[in-house]
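Scroll down for the structure; my scribbles are underneath it.
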Amino acid sequence: MKKEVLAATIIGSLLGLFLAFGFYKANRAVKNKAQTVSIPTSAPAQPNATEKIEEEIEFKITDPKDFQVFFSQTATISGQAAKNSPIVITTENDEYIILTDETGKFSQPCKLVKGINEIDVSYLKNMEELEETNLNLIYTTDKI
């Protein structure tokens, strides 16, 4: 009886360690893959004066602020990036893909769910680098 309990304990421990190591490696692989996004381009062109100005524009969310409280189900995400750049806004239930206008500004109304909404806003800088910003917005129907 003691041999069987000892064997079951050892086998269970080894199996648990094996599964934990597998989850650890899988989690690290997913995180590394998400952080390194590379889009191959053709021969690099020499930047002209207008492209240099675009590179200096900083990607930022101008409205709303992090942890802002909303009493309506819609929040408008606004910001600035290089002109005609793709912006991806991912909410709890939806995903929006938009382009900035000629001045580099963007604005997109998004639906919120009750409670805390984690919103990811991604910007593909120079079609090579992915910049991300996370917003936490709070939607409540309670009167304050």
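The sequence shown begins at 633 in the numbering used here and counts up one residue at a time. We put the CB at the ideal spot given by N, CA and C, even for glycine. Source: prediction; values computed, not measured.
Asked: Environment of residue 668 [buried if 16+ CB atoms lie within 10 Å]; Found: Residue confidence for residue 668 is low, a pLDDT of 47 falling below 50, so the modelled location carries little weight; the figure read from the coordinates is stated next. It is exposed - the Cβ of residue 668 has fewer than 16 other Cβ atoms within 10 Å.
Asked: Residues near residue 713 by beta carbon distance below 6 Å, same chain, minus five either side; Found: 691, 732, 736 and 755
Asked: Inter-residue spacing [alpha-carbon to alpha-carbon] between residue 670 and residue 638; Found: Confidence at residue 670 is low in this model, with a pLDDT of 49, below 50, so its placement is unreliable and the value that follows should be read with caution. C-alpha separation (whole angstroms): 50 Å.
Asked: For residue 716, three-class secondary structure by DSSP; Found: coil
Asked: C-beta contact flag for residue 767 and residue 753 at 8 Å; Found: yes
Asked: Buried or exposed by the 16-neighbour rule on C-beta atoms within 10 Å, applied to residue 723; Found: buried
Asked: 7 Å CB neighbourhood of residue 634 in its chain, flanking five on each side removed; Found: none
Asked: Residue 654 (DSSP reduced to helix, strand or coil); Found: helix
Asked: Own chain residues within Cβ distance below 6 Å of residue 720, not counting five before or after; Found: 729 and 754
Asked: Distance, residue 695 Cα to residue 751 Cα; Found: 13 Å
Asked: Cβ separation of residue 772 and residue 703, assumed to be a contact under 8 Å, to the nearest whole Å; Found: 7 Å
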